[in-house]
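A.B. asks: Each number in our numbering corresponds to the 1-based position in the sequence shown with 657 added.
Okay, handing you the structure first.
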Amino acid sequence: MPLEIQECIKSWKEKLPDFKVKKWDTTNFDIDSVPYVREAFKEKKWAFASDYIRLYALYKEGGVYLDSDVFVIRRFDEYLTHRFFSAIECYPEVNDDLQIQAAVMGAEKEHPFIKDCMAYYQNSHFINPDNSFNEMISPLLYAKAAEKYGFKYKNQAQLLEEDMMLYSIEEIAPLTDFVSKRTRMVHCCAGSWRWNKATKAQAFIHKAKDLIVRFLVLLNLKKTWNWKRNFKNFKSSLKD
658 MPLEIQECIK
668 SWKEKLPDFK
678 VKKWDTTNFD
688 IDSVPYVREA
698 FKEKKWAFAS
708 DYIRLYALYK
718 EGGVYLDSDV
728 FVIRRFDEYL
738 THRFFSAIEC
748 YPEVNDDLQI
758 QAAVMGAEKE
768 HPFIKDCMAY
778 YQNSHFINPD
788 NSFNEMISPL
798 LYAKAAEKYG
808 FKYKNQAQLL
818 EEDMMLYSIE
828 EIAPLTDFVS
838 KRTRMVHCCA
848 GSWRWNKATK
858 AQAFIHKAKD
868 LIVRFLVLLN
878 LKKTWNWKRN
888 FKNFKSSLKD
């Protein structure tokens, strides 16, 4: 496991010592139960398979999801007073579109929003009829699914129907560039990708090596390019 990932996980242990760990893998999830997942596994597109598995874990047991490259700066206990929480995200290097954070989210067991997101995968195939791949980006899926709950494409705190709380970009930063005094967590790795605007879907492809849940937190280990430099800069900024 890369040192930088270890540092992120260390931050959880330091800030969230009361959280528990559960591991999700093929021993407790049937990959053949959902065609989309089965096909993604067959093509070794682990990240797309994990997009469904994280939802399944949250829906069945509830908890908090964090990608393994999420660094916890401060506790977020008040977030847990809501039935669902996540945050707005934006990647200016790609475009100005606002989406819903996929690296961090929490939900109570059987939350209807999670069920709606799961339904997309349950009713879809990863391999299209023309043999291309259905590489739906989860932040876009979440944003679209949240529209019926009142989601607005604005960078502001939003309390939606079914007690869905979405925080601003600054609270759960998708890039280290967005870190402020209000930030609780930061998705350190996201800003390191060298994106091509013509292939923004590819920028979100994660190569998952393992699936772990910390307090039902699904960890998705990712392949990145400039991660070490990005993380080093972020750690230095915390000392300033």
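Quick reminder that beta carbons are idealized off the backbone N, C-alpha and C, glycines included.
Considering only C-alpha positions, which residue in the set Asp687, Pro674, Val729, Tyr693 is nearest to Phe790?
C.D. replies: When only C-alpha atoms are compared, the closest one is Tyr693.
A.B. asks: Are there three or more Cβ pairs, one per stretch, closer than 8 Å when the region 727-741 is compared with the region 775-783?
C.D. replies: Touching, no, given that fewer than three Cβ pairs across the two stretches are closer than 8 Å.
A.B. asks: Beta strand (DSSP E) containing Leu715: first to last residue?
C.D. replies: Leu715 -> not in any beta strand (DSSP E); alpha helix (DSSP H) instead, spanning 703-718.
A.B. asks: With 16 as the cutoff for other CB atoms within 10 Å, does Leu816 come out buried or exposed?
C.D. replies: So Leu816 ends up on the exposed side.
A.B. asks: Can at least three beta-carbon pairs, one atom from the region 756-770 and one from the region 668-678, be found at a separation below 8 Å?
C.D. replies: They do not touch, by the three-pair rule.
A.B. asks: Just the Cα atoms here: how many angstroms apart are Asn812 and Ile826?
C.D. replies: Those two C-alpha atoms are separated by around 7 Å.
A.B. asks: Please list, in chain order, all residues of the same chain as Asp689 whose beta carbon is under 8 Å from its beta carbon, the five residues on each side excluded.
C.D. replies: So the list reads Arg695, once near-sequence residues are dropped.
A.B. asks: Hey, would you say Leu823 sits closer than 8 Å to Ala814, going by beta carbons?
C.D. replies: For Leu823 and Ala814, yes; Cβs fall inside 8 Å.
A.B. asks: Would you identify the three-state DSSP class for Glu792, choosing helix, strand or coil?
C.D. replies: Three-state result, Glu792: coil.
A.B. asks: Is DSSP giving Lys805 helix, strand or coil here?
C.D. replies: Lys805: helix per DSSP, three-state reduction.
A.B. asks: Measure the Cβ-Cβ separation of Leu723 and Ala759 and say whether it is below 8 Å.
C.D. replies: Taking 8 Å as the Cβ cut-off, Leu723 and Ala759 do not qualify as a contacting pair.
A.B. asks: Which residue's Cα is closest to the Cα of Phe770: Lys838, Tyr713, Glu746, Ile794?
C.D. replies: Measuring from the Cα of Phe770, the nearest candidate turns out to be Tyr713.
A.B. asks: Report the residue from His844, Glu700, Glu828 whose alpha carbon sits nearest the alpha carbon of Lys838.
C.D. replies: Ranking the options by Cα distance to Lys838, first place goes to Glu828.
A.B. asks: Since Gln756 and Leu797 should fall inside the 8 Å C-beta cutoff, what is the C-beta to C-beta distance between them, to a whole number of angstroms?
C.D. replies: Indeed they touch by this definition, with Cβ atoms about 6 Å apart.
A.B. asks: Could you pull out every residue in the same chain whose Cβ sits closer than 7 Å to the Cβ of Thr840, ignoring the five residues on either side in sequence?
C.D. replies: Ile730, Glu827, Glu828, Ala830, listed in sequence order.
A.B. asks: Buried or exposed: which applies to Tyr810, given that a residue is buried once 16 or more other Cβ atoms fall within 10 Å of its Cβ?
C.D. replies: Its Cβ having fewer than 16 others within 10 Å, Tyr810 is exposed.
A.B. asks: With respect to the beta strand (DSSP E) encompassing Val729, which residues constitute its N-terminal and C-terminal limits?
C.D. replies: Here the beta strand (DSSP E) through Val729 covers 727-729.
A.B. asks: Note down, in chain order, each residue of its chain lying with its Cβ closer than 8 Å to the Cβ of Thr856, except the 5 sequence neighbours on either side.
C.D. replies: With a pLDDT of 42 at Thr856, under the threshold of 50, the modelled position of this residue cannot be trusted; read the value that follows with caution. Closer than 8 Å at Cβ, skipping near neighbours: no residue.
A.B. asks: By DSSP, does Gln758 sit in helix, in strand, or in coil?
C.D. replies: Looking at Gln758 - three-state DSSP - the assignment turns out to be coil, as it is neither helix nor strand.
A.B. asks: Would Glu700 be called buried (16 or more neighbouring beta carbons within 10 Å of its own) or exposed?
C.D. replies: It is exposed - the Cβ of Glu700 has fewer than 16 other Cβ atoms within 10 Å.
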